[in-house]
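Numbering (this note's numbering), first residue to last: 1 to 205.
In what follows, a structure is listed as structure tokens, so that the remarks can point back to it.
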DNA sequence: ATCCCGAGGG
DNA sequence: CCCTCTGGAT
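Given below as structure tokens:
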């Protein structure tokens, strides 16, 4: 079942990819922190300004919080995100010579960085295959399919990993996210247009 | 009104 | 387990 889902979505979205703009692991880390409860398009509208003013962890770590808040304001949660960005940058300088570590434990140890953000970094900036990105879209889609019954994102990921091929979890994540956004929407799921409707227990037509 | 590619804190 | 943080889109 799971592999059939992946096969069909891979056909439907042959060019699924990370929609955050970034030129380095540091930029993707910042952009991913900003992406919480916010669309990627809006994140991409503020990151050029953010990275022009503070192009490195060393620069961002000594930024004035109010200045960072002003730049990222439209992404929502701007106070908490500015605090996370600056704290994260300081931790990079203090513990990793200002570089972003390509390591799950080191990433999640950074303030403001959880498992979801770490998986995005590892899969998209470092081309590693540590886990599946579980966001609200993935949780909703897999729940509707009956693949997962958990609510905790980490447990959903653990339930999903054995169901899919071990390689290409980053690509799988994007397939699930794209379909979750475009078709298996939270509010108005477009089951009539869904390539998975015939094998989905929650499909409504 | 409800949701958006979350994480930290109580 | 709950709550909070926040603006924008639909």
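Built from N, CA and C at the ideal position, the CB exists for glycine as well.
- In this structure residue 157 touches residue 131 by the C-beta definition: roughly 6 angstroms separates them, less than 8 angstroms.
- For residue 204, the secondary structure class from DSSP, reduced to helix, strand or coil, is coil.
- Here DSSP, grouped into helix, strand and coil, assigns residue 37 to coil.
- Nearest to residue 50 by C-alpha distance, out of 58, 33 and 72, is 72.
- If you check the CB distance, residue 20 and residue 36 do not come in under 8 angstroms.
- Relative to the Cα of residue 151, the nearest Cα in the group 93, 164 and 137 belongs to 137.
- A distance below 6 angstroms between beta-carbons, with the five flanking residues on each side excluded, links residue 202 to the following residues of its chain, in chain order: 144.
- Three or more Cβ pairs closer than 8 angstroms define a contact, and the segment 175–192 meets that threshold against the segment 6–24.
- Here residue 83 has no same chain residue with a Cβ atom under 6 angstroms from its own Cβ, once five neighbours each way along the sequence are excluded.
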